[in-house]
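In the UniProt record's numbering, the protein residues as written are 1 to 1164.
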């Protein structure tokens, strides 16, 4: 659960260390060590020196002098890499440190690869090996065995093919993991402590009052093995306790006897242990208790006031201290960082009891005392289960003052007031470490609870779940907050385990009084948990493509959040953001029933999506990332809406408001440093790119496109920079200059003084300008009375005009679709009136281009929409979306690359690409991403930026027979932070083949949703199966025509790829997965009314012992006699017959539980 960071060694010309080295006795001359390491640079093998000896003998000093002498004589400082290993270090610790060094050297590829969890270990070895061999000639590792040799074992493997010098410190004569370096030029050097002459000088310098004979000093040297640390502590003891010279004889006799009894020199007995035993006999019980807790410290502890016990331990040489001066806002503060050397920690652990009863005295208590008072109060509230979710200060207040204008993330990332060189997060990590070590289970739960949202933001939620499992195992009675349980649900959802997520949410909703050991403090806490559960259910439906059902659930969650005693601003904002996504994907036909049911007044789903995004931004203005994201989405909705309304002033005003929304998004980022977050940089680049598209569309009538082209050029360069990183973004001089140029070009301030200013004037609706003082009530839905069973549905009144006024810099856009103009207009986003009479009729008939509909079959034609009263009405829209192409399954595959509906889109792309000069080494290209909607039977194209990376490295024998796979990123991918893979055929294929592959997979994705629902209803616990969503990515050649490469793009999946069935006879029999996929194929035949069967099923299967895991599938084939667009693999009736006869001759248990019927007649 913890990854202790490696400590980088820094080298300087340290005369004290050089003097110490001269006094040390080595088994091999120092110059021979240097010569041995130099030979590595002239041979093809690595040379390694193992510096070993007992604790405290000076071995670390020898290592440092080796490095510093090499720098002075032969090497540059930049060619030496030094690191100190500590207990708890892992391979991840090593990758993180090496990545940070690569970032400092502007090596973006290496920095990104080493911290990318999706990259295989073998690839990381290659990248790290290349980076080290290119940049370093000497590697120095202090205390290589402190972590059990984990870091050294991996480092030795990746250095096998290099010719670098390696110097390491260990506790053993033999090299750790010597098998890994059997071909190296190896040398072992023992550090034997101070020689007799140096020991004599050292003793007299440390305590000039001693009048010792040469014989007595030699005896002391023999007893202590010349150990410099041991003699230093011994002399400090005499000074501290004012021991007389004559008592030295007794002391030496006692130490000599101890050495004889314990056979000093063995691995577990050495002079440091002997001296500590001597010291502890003279310390009080309380002083030993203080020291035991200081020995528990993992990191140096900053303190302002040292206790008298700690000062005494420092004087004795048992505790190290480093003083520094820090300037606060009012005064200069002297801070002392205290720590205990690792050799003393390990020795003291054999002599002292490290347990503690006094929390203030414990290592945890000392770190906890450093936390800010706000964080300390949050931890106290979390321990007493004060709330089911950690609240933000602004989340439950209608009047946000200066004291509430921060997020918990801001508290966690802030610099600590006592130790400004540390953040509060650094201190909380130490608190968590020591709480686990001291078995403070309730405190562990509270800390994990408070850190959860920040951990999720960092992409480290798997660590949160590890702590939850740790608590369940070690202290089952500890209450687990709903937020942590729901975090697990979110992770299940993101991993594709939708059935498991739905079941977990249903369990949470069913528990009325408490969740496990966690007891609701009030009824509104239960309502809040219900609201979040329903919100996630809505998000699941959105991910499944069920826009209507998702919208209903999300609107219900908004009602629940809004009707809390103090409405939850953050919850409302989150629901509205996802709700806007649903509306953005809806057709007018799908939207109107939801519009009537909930009293929404926007006449088009894109306008309603715009409302949602604006409201979400308004309610998240104290979280810059969310505000920027929602404003970008608002601009995107208007950009799309401008394409479905006639050209003219209305369209231009709509685009101008879209441009303003994108500018608001760009300005929202707090400062330049905030763009080091990969997610925040992505939102920034997307806003710039979409702004460029809006400028181009706005200027298409005037012919002045220079502004759009320049913005698009900058966005492409920014996206290129973004795609080089999988973690934190490096803001080097080039990208910083580009960002500054972009802001200046757009006429925006470099960074707003306060991007979250509530007085900031952004694009606003009339209803927002007239906003009531109480902003906590959503403007989208009514406040309705709630019952446990359902949310009462709101009905539109008899107002037939929907009028939206968007005001920004004098521009006004009016969208009015009127059946009969009322005497007065209703300004608002929802209607508070009653139910419309049954005679009401809204004439909004769709007027699509007849050529796109002429081949529609009667079966696929949209049916009349029915509102809540049961009346039907026809839908009309003046113009069709030019980016949409109809594709019915009965049709042959339609052409999407040259269809006239996208001629304007293509011309725009051609225009800006012909005039935009891009660095030829760049991999970012303009592209069109095509999505196929199975339910609407349509392709929809959208301009985007795409970055096609290198060929995906697969194990031998795992490569695709027909297609190559590449890592890819594009600006409109569903999950900005996820990995995606682009597949293209090895042999040239027509674009129609790629279309058919997409249609097959998206059809299968529709049927698998229905199948999983049936599994859930029938309580068949076999886990989910999911077909990955897939899109078609069409690159645009630099010359203009849309004739570039074509790819099918889907989420990247790691793991074992398995073929379960093929399209004609094969069924995998090695494991139990064949039953579920055969049952699915059977189900598709019945659910499609015997029109098709889905076969050729393959994908990534989980451990079959875990029935809650999800199986991800891809590349299916469909057999159908009726449908024409499933490609050459469609074997029609012959394929269907083969399925029943050869692949599925008998139903299995899953088929039986689902009550699936077999066809009566099978063609021969």
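We treat Cβ as the ideally placed atom computed from N, Cα and C, and that holds for glycine.
Remember, predicted model here, so these are calculated numbers, not experimental data.
Would DSSP call residue i helix, strand or coil?
{"i": "residue 381", "result": "helix"}
{"i": "residue 447", "result": "helix"}
{"i": "residue 931", "result": "strand"}
{"i": "residue 767", "result": "Low confidence applies here, because residue 767 scores a pLDDT of 27, under 50, leaving its location unreliable; read the following figure in that light. Residue 767 falls in the helix class under three-state DSSP."}
{"i": "residue 207", "result": "coil"}
{"i": "residue 151", "result": "helix"}
{"i": "residue 835", "result": "Below a pLDDT of 50, predicted positions are generally treated as unreliable, and residue 835, at 28, falls in that range; no measurement from the model is reported."}
{"i": "residue 293", "result": "helix"}
{"i": "residue 1051", "result": "strand"}
{"i": "residue 1173", "result": "Residue 1173 falls outside the range modelled here, since the chain spans only 1 to 1164, and no answer is possible."}
{"i": "residue 1070", "result": "coil"}
{"i": "residue 1197", "result": "Residue numbering for the chain in the displayed model covers 1 to 1164; residue 1197 lies beyond these limits and cannot be assessed."}
{"i": "residue 94", "result": "helix"}
{"i": "residue 1005", "result": "helix"}
{"i": "residue 39", "result": "helix"}
{"i": "residue 580", "result": "helix"}
{"i": "residue 434", "result": "helix"}
{"i": "residue 586", "result": "coil"}
{"i": "residue 669", "result": "coil"}
{"i": "residue 111", "result": "helix"}
If I'm right that residue i touches residue j with Cβ under 8 Å, what's the distance once you round it to whole angstroms?
{"i": "residue 482", "j": "residue 388", "result": "4 Å"}
{"i": "residue 67", "j": "residue 80", "result": "5 Å"}
{"i": "residue 370", "j": "residue 427", "result": "5 Å"}
{"i": "residue 116", "j": "residue 726", "result": "4 Å"}
{"i": "residue 1094", "j": "residue 1084", "result": "4 Å"}
If distances are taken between C-alpha atoms only, which option among the options comes closest to residue i?
{"i": "residue 506", "options": "595, 517 and 486", "result": "486"}
{"i": "residue 629", "options": "610, 640, 1136 and 644", "result": "610"}
{"i": "residue 1129", "options": "1155, 1074, 1064 and 1101", "result": "1064"}
{"i": "residue 159", "options": "139, 145 and 150", "result": "139"}
{"i": "residue 676", "options": "723, 27 and 638", "result": "723"}
{"i": "residue 582", "options": "601, 654 and 555", "result": "555"}
{"i": "residue 887", "options": "924, 1110, 929 and 936", "result": "936"}
{"i": "residue 944", "options": "156, 685 and 1160", "result": "685"}
{"i": "residue 295", "options": "621, 1050, 347 and 1121", "result": "347"}
With distances taken between CB atoms, is the gap from residue i to residue j smaller than 8 Å?
{"i": "residue 694", "j": "residue 665", "result": "no"}
{"i": "residue 445", "j": "residue 478", "result": "yes"}
{"i": "residue 224", "j": "residue 235", "result": "no"}
{"i": "residue 44", "j": "residue 85", "result": "no"}
{"i": "residue 1009", "j": "residue 1118", "result": "no"}
{"i": "residue 418", "j": "residue 304", "result": "yes"}
{"i": "residue 557", "j": "residue 575", "result": "yes"}
{"i": "residue 750", "j": "residue 893", "result": "no"}
{"i": "residue 636", "j": "residue 690", "result": "yes"}
{"i": "residue 1190", "j": "residue 631", "result": "Not covered by the structure: residue 1190. The range shown for the chain is 1 to 1164."}
{"i": "residue 1110", "j": "residue 1023", "result": "yes"}
{"i": "residue 1147", "j": "residue 1158", "result": "yes"}
{"i": "residue 981", "j": "residue 1031", "result": "no"}
{"i": "residue 962", "j": "residue 1125", "result": "no"}
{"i": "residue 1113", "j": "residue 1098", "result": "yes"}
Between residue i and the rest of its own chain, which residues show a CB-CB distance below 6 Å, the 5 nearest in sequence each way excluded?
{"i": "residue 292", "result": "352 and 354"}
{"i": "residue 1228", "result": "Nothing about residue 1228 can be read from this structure; the chain reaches only from 1 to 1164."}
{"i": "residue 103", "result": "111 and 730"}
Among the residues of its own chain, which have a CB less than 7 Å from the CB of residue i, if the five just before and after it don't count?
{"i": "residue 565", "result": "524"}
{"i": "residue 520", "result": "513, 514 and 526"}
{"i": "residue 633", "result": "580 and 613"}
Tell me which residues share the same chain as residue i and place their Cβ nearer than 8 Å to its Cβ, disregarding the 5 neighbours each side in the sequence.
{"i": "residue 316", "result": "233, 236, 237, 240 and 279"}
{"i": "residue 788", "result": "Since pLDDT at residue 788 reaches only 37, below the 50 mark, its modelled position is unreliable, and no value is offered."}
Measure from the C-beta of residue i to each C-beta in chain D and report whether the shortest distance is under 8 Å.
{"i": "residue 651", "result": "Protein chains in the displayed structure number just one, and chain D is not present."}
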